[in-house]
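Undergrad:
In this note's numbering, the protein residues as written are 661 to 1160.
1. Which complete beta strand (DSSP E) runs does the segment 1005-1087 hold, if anything under 3 residues is left out?
2. Which residue comes first and which comes last in the alpha helix (DSSP H) that contains residue 768?
3. Buried or exposed: which applies to residue 1122, given that a residue is buried once 16 or more other Cβ atoms fall within 10 Å of its Cβ?
4. In angstroms with no decimal places, state the Cα-to-Cα distance between residue 967 and residue 949.
5. Between which residues of its own chain and residue 1156 is the CB-CB distance below 6 angstroms, once the five residues before and five after are set aside?
6. Specify, as a first and last residue, the run of the beta strand (DSSP E) that residue 1108 falls within.
7. Thinking C-beta only, is residue 787 closer than 8 angstroms to residue 821?
8. According to DSSP, residue 858 sits in a beta bridge with which residue or residues?
9. So residue 749 packs on residue 781, CB below 8 angstroms; how close in whole Å?
10. Taking residue 795 as part of the alpha helix (DSSP H), name the residues at either end of that continuous run.
11. Using a 10 Å radius around the Cβ and a threshold of 16 neighbouring Cβ atoms, would you call residue 851 buried or exposed?
12. Considering residue 996, what are the terminal residues of the beta strand (DSSP E) in which it resides?
13. Report the rounded CA-to-CA distance for residue 865 versus residue 804, giving the unit in angstroms.
14. Three or more beta-carbon pairs under 8 angstroms between the segment 1081-1100 and the segment 1125-1138, yes or no?
15. Reducing DSSP to helix, strand and coil, say where residue 732 ends up.
16. Within 10 angstroms of its Cβ, does residue 1003 collect 16 or more other Cβ (buried), or is it exposed?
17. Just to confirm, are residue 794 and residue 816 a CB contact at a threshold of 8 angstroms?
18. According to DSSP, is residue 1138 helix, strand or coil?
19. With a 10 Å radius around its C-beta and 16 neighbouring C-beta atoms as the bar for buried, classify residue 1033 as buried or exposed.
20. Mapping the DSSP letters down to three states, classify residue 896 as helix, strand or coil.
21. Over what stretch of residues does the beta strand (DSSP E) that includes residue 913 continue unbroken?
22. Whole angstroms is fine: what's the gap from residue 860's alpha carbon to residue 1119's?
23. What residues in its chain sit with their C-beta under 6 angstroms from that of residue 847, if we drop five residues either side in the sequence?
24. Taking the alpha carbon of residue 931 as the point to measure from, which residue in 1005, 1068 and 1067 has its own alpha carbon closest?
25. With DSSP collapsed to three states, give me the class of residue 839.
26. With distances taken from CA atoms, which of 1027, 783 and 1008 is nearest residue 1017?
27. Please go through the same chain and pick out, in chain order, the residues whose beta-carbon is closer than 7 angstroms to the beta-carbon of residue 766, but skip the five residues on each side of it.
28. CA-CA distance, residue 1058 and residue 1012?
29. Pick out whichever of 1077, 1076, 1051 and 1082 has its Cα sitting closest to the Cα of residue 1070.
30. Taking 8 angstroms as the cut-off, does the segment 822-837 touch the segment 753-772 (at least 3 CB pairs, one atom from each stretch)?
31. Below 8 angstroms on the Cβ atoms is my contact criterion, and I expect residue 1098 with residue 858 to pass it. Report the Cβ-Cβ distance as a whole number of Å.
32. Which same chain residues end up closer than 7 angstroms to residue 1106 when comparing Cβ atoms and leaving out the 5 residues on each side of it in sequence?
33. Thinking just about the alpha-carbon of each residue, which of 953, 934 and 969 is nearest to the one in residue 1117?
34. Thinking C-alpha only, which one of 1102, 997, 836 and 888 is nearest residue 944?
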């Protein structure tokens, strides 16, 4: 990639700003109360052994998820993955059918404690590969990904007990040949791999001609509550429209504002958005953001933090990509806007709530703010949460263009290649409606009422139907201080606490 994208940005710890306490969760089998949370996150459950440890020593949330899979494999030899189907049933793959009773014993409490509503059953399915094999093969493919230029993303497909690779459909024939050669060279059985042809992943920036300013001054008193996601907000919050200008093309680029965070190293508070919603991804470039556009002449704030990509040379080595000297990777596509102009009042731990969600996966929701119920309140987040989401769980998002939408998770922990060639490590995918302009949108899980569990940030779309987002632990790995476990990159604000 171009040298200017190898800017050595300073990495910092970040605080999520959350204004409310933990709520009780309603589950399939009745109500249960979540465990009290502390300001410091728990360490991963148990050690990682063998070659996986060396390859994943620098990861936080992603390793924790892989580590949990290996812990389950230790308790249930032959464990091959899990997922929730459309009826809320927990499906568990087991290689050895004689261990079905053990699977029922181990996973029944997990099903009972799970946050999904409705009734569900435990279904034990015969698997061919255990989760340790699948994760090891995933790492082998990523280590040799440079041999497959057509590769779009790769991940462990827990719903089918396979490794899944997606290749560019415009180069499908050559891609399949390259995949076959890599599988043979790395000893991965071809029958363990699903190869799909797909479109390259696209970022979700909306580009329009720069609007002409009104003759009237745009610096006018504003209501504390705007009426739509595209309105001007005196008190900005996650989910609303933001933009920046490119004078060379006389264009305005629109994205979505993420949640409020504080840089723990400096005490500066601002908002997240997507890194590609700036002039140069992976470098500080002086871009000024507006809300909703430059017709309002007071900027929201400048780009403050945009972590540099990792590469095989110069910067810290890109995990898994040891053979990819010319490739770059990040844990996330995340950027921070700060300091925020004094004209604005920052809403801590809030996401805009609209009048109604999309009717189903792939649909578009309302853009109108619900005046009687104007926001979601973050009361938990993916770092503090010890209950991992699984394939089939439903996530929500509020984006400035498609509004409030939701859909089931289809893949977890994939490595995905952005349109600029940068690999994003440990990303998640969900079948929910998104449109251009939604990049930066908060992704979350409903807990009941207005309370939500914040899970990450939207950045792309795969094959026109699947939304790509960064788990919040992944982008904290990006903007944190990159030290091994144990470290504390997230701090949660409880009632009565103030930003640092």
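Backbone N, C-alpha and C fix where the C-beta goes; we use that ideal spot for every residue, glycine too.
TA: Per the coordinate set shown:
1. Within the segment 1005-1087, the runs of beta strand (DSSP E) that reach at least 3 residues and sit entirely inside it are, in chain order, 1010-1012, 1035-1041, 1054-1059 and 1063-1077.
2. For residue 768, the uninterrupted alpha helix (DSSP H) run begins and ends at 760-773, by DSSP.
3. Residue 1122 is classed as buried because its beta carbon has at least 16 other beta carbons within 10 Å across all chains shown.
4. The straight-line gap separating the alpha-carbon atoms of residue 967 and residue 949 is approximately 18 angstroms.
5. Interpretation of residue 1156 is limited by its pLDDT of 37, a score under 50 that renders its predicted location unreliable; no figure is taken from the coordinates.
6. Start and end: 1102-1108.
7. Judged by beta-carbon spacing, residue 787 lies within the 8 angstroms limit of residue 821, meaning their Cβ atoms are closer than that value.
8. Per the DSSP secondary-structure output, residue 858 pairs in a beta bridge with 828.
9. Right, the Cβ-Cβ distance comes to about 5 angstroms (below 8 angstroms), so this counts as a contact.
10. Counting along the chain, the unbroken alpha helix (DSSP H) around residue 795 starts and ends at 791-803.
11. Exposed: under 16 other Cβ atoms inside 10 Å.
12. DSSP places residue 996 inside the beta strand (DSSP E), whose first and last residues are 995-997.
13. Annotation: residue 865 to residue 804 spans about 31 angstroms, alpha carbon to alpha carbon.
14. Below 8 angstroms, enough C-beta pairs join the segment 1081-1100 and the segment 1125-1138 to call them touching: three or more.
15. Of the three classes helix, strand and coil, the one that applies to residue 732 here is helix, per DSSP.
16. Its Cβ having fewer than 16 others within 10 Å, residue 1003 is exposed.
17. Taking 8 angstroms as the Cβ cut-off, residue 794 and residue 816 qualify as a contacting pair.
18. Three-state result, residue 1138: helix.
19. Looking at its Cβ environment, which holds fewer than 16 other Cβ atoms inside 10 Å, residue 1033 is exposed.
20. It is coil, neither helix nor strand.
21. Counting along the chain, residue 913 sits inside the beta strand (DSSP E) bounded by residues 911-916.
22. Approximately 13 angstroms, taken between the alpha carbons.
23. There are no such residues.
24. The residue with the shortest Cα to Cα distance from residue 931 is 1005.
25. Correct three-state label for residue 839: helix.
26. That would be 1027, whose Cα lies nearest to the Cα of residue 1017.
27. Excluding positions up to five away in sequence, the list reads 735 and 736.
28. Taken atom to atom, the span from the alpha-carbon of residue 1058 to that of residue 1012 is near 7 angstroms.
29. When only C-alpha atoms are compared, the closest one is 1051.
30. Contact between the segment 753-772 and the segment 822-837 is absent, because fewer than three Cβ pairs lie under 8 angstroms.
31. Contact between residue 1098 and residue 858 does not hold, since their C-beta atoms are separated by about 19 angstroms, which reaches or exceeds 8 angstroms.
32. Cβ neighbours of residue 1106 beyond the five flanking positions: 1056 and 1112.
33. Nearest of 953, 934 and 969 to residue 1117, Cα basis: 934.
34. When 1102, 997, 836 and 888 are compared, the shortest CA-CA separation from residue 944 is found for 997.
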